[in-house]
Amino acid sequence: MTKIKNLAGLAACGLILGISQISQAAVIDFNSHSPALDGSNPIFDSGFRFDFNASGWGVFGPGSGACCNVNYNGTTSLFADGDKHGKNASSLMTPTTGGTFSIFSLDASVYWTGATGTLDIIGNLFGGGTVTTSLSISSTWQNFLLPGTFTNLVSVEFRDSQSGSFLSAPGFGVDNINITPVPEPETYAMLLAGLGLLSLMVRRRNESAA
Numbered sequence: 002m003t004k005i006k007n008l009a010g011l012a013a014c015g016l017i018l019g020i021s022q023i024s025q026a027a028v029i030d031f032n033s034h035s036p037a038l039d040g041s042n043p044i045f046d047s048g049f050r051f052d053f054n055a056s057g058w059g060v061f062g063p064g065s066g067a068c069c070n071v072n073y074n075g076t077t078s079l080f081a082d083g084d085k086h087g088k089n090a091s092s093l094m095t096p097t098t099g100g101t102f103s104i105f106s107l108d109a110s111v112y113w114t115g116a117t118g119t120l121d122i123i124g125n126l127f128g129g130g131t132v133t134t135s136l137s138i139s140s141t142w143q144n145f146l147l148p149g150t151f152t153n154l155v156s157v158e159f160r161d162s163q164s165g166s167f168l169s170a171p172g173f174g175v176d177n178i179n180i181t182p183v184p185e186p187e188t189y190a191m192l193l194a195g196l197g198l199l200s201l202m203v204r205r206r207n208e209s210a211a
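Residue 2 is where the sequence shown starts when you use the working numbering, and the numbers rise one by one after that.
Listed below in structure tokens is the structure:
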């Protein structure tokens with residue numbers, strides 16, 4: 002019986018660890034992409050899709066040949082600049098398989114060297130509603146901590162606050178997006194069902210030994 006209890010305890014610990022691992026933080030750094038210009042729309046990375054509305058956009062790094070005077074940070078990053086369809090440059094980040102997520106921090110700058118601007122970040126919450134923050138950005142890449150309200154999100158929009166054509170508006174670049182994906186309810190239900198089954202096995206074993 003002691004062996005059964007030990008096995009059940011180990012299995013329970015494994016299930017709990019599984020829940021924590023599912024929700025652990027990850028960093029989207031776009032380094033899985035070649036530094037060469039990827040101008041696809043959408044672009045996929047780390048379980049997320051990035052849809053663009055901009056005159057110039059893509060994921061690329063130094064040596065890509067992308068136009069013009071791009072404010073690289075030394076690695077592959079996401080960029081967007083210039084109005085399109087009468088709207089400011091933007092990129093919408095959405096999980097490819099649904100579910101919710103949180104964003105804690107990111108690196109950001111303007112698209113082209115010498116510009117200054119403001120990056121608006123709009124989080125769309127599960128169940129409705131939005132949270133917003135605005136970051137003052139320049140040619141110097143900076144790491145920004147986001148407000149604690151950027152949790153339980155279904156999508157996030159990165160948007161240049163300034164309207165203008167390509168290389169007139171400052172645009173933006175983002176990198177190293179620190180996120181935590183939240184498992185869908187079905188995942189929690191499956192793990193909890195496993196814990197319940199283990200508890201039932203131990204109880205029946207105890208009854209048989211009595």
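Glycine is no exception: its CB is placed at the ideal position from the N, C-alpha and C atoms.
Quiz item: Based on the DSSP secondary-structure assignment, which residues constitute the bridge partners of L107?
Solution: L107 is bridged to F145.
Quiz prompt | Per-residue DSSP class, three states only, for G99 | solution = Note: G99 maps to coil in three-state DSSP.
Exercise. Please classify G129: does DSSP put it in a helix, a strand, or coil?
Key: The DSSP-derived three-state label of G129 is coil.
Quiz item: Leaving out five residues before and five after N177 in sequence, what residues of the same chain have Cβ atoms less than 7 Å from its Cβ?
Solution: Taken in chain order, the residues that qualify are V28, D30, L107, D108.
Practice problem: Could you check if S156 is buried or exposed, using at least 16 other CB atoms within 10 Å of its CB as the buried criterion? | Solution: Sixteen is the threshold: when 16 or more other Cβ atoms of the shown chains lie within 10 Å of the Cβ of S156, as they do, the residue is buried.
Quiz item: What residues in its chain sit with their C-beta under 7 Å from that of Q22, if we drop five residues either side in the sequence?
Solution: The predicted model places Q22 with a pLDDT of 41, which falls under 50 and marks its position as unreliable; any figure quoted below should be read in that light. Here the set comprises nothing.
Self-check item: Helix, strand or coil at D161 according to DSSP, with G and I counted as helix
Solution: The DSSP-derived three-state label of D161 is strand.
Quiz prompt | Sequence-distant residues of the same chain with beta carbon closer than 6 Å to G118, five excluded per side | solution = Leaving aside the five residues that flank G118 on each side, the residues in its chain whose CB is nearer than 6 Å to its CB run, in chain order, V111, I138, Q163, P171.
Quiz item: Candidates N42, L147, N72, K85: which alpha carbon is nearest F105's?
Solution: The candidate whose alpha carbon is nearest that of F105 is L147.
Quiz item: DSSP on F167, reduced to helix/strand/coil?
Solution: F167 falls in the coil class under three-state DSSP.
Quiz item: Which whole-angstrom value is the C-beta distance of L136 and L120, which I expect to be below 8 Å?
Solution: At roughly 5 Å, the Cβ-Cβ gap stays under 8 Å, so L136 and L120 are in contact.
Practice problem: List the whole-angstrom C-beta distance separating G99 from P182, where the pair is believed to meet the contact cut-off of C-beta under 8 Å. | Solution: Contact doesn't hold; Cβ gap of about 11 Å is too wide.
Self-check item: Opening and closing residue of the beta strand (DSSP E) in which E58 lies
Solution: According to the sequence provided, residue 58 is Trp. The question's Glu does not apply to it. Where W58 is concerned, the enclosing beta strand (DSSP E) stretches over 57-61.
Exercise. Reducing DSSP to helix, strand and coil, say where A27 ends up.
Key: In this structure, A27 counts as strand in the three-state DSSP scheme.
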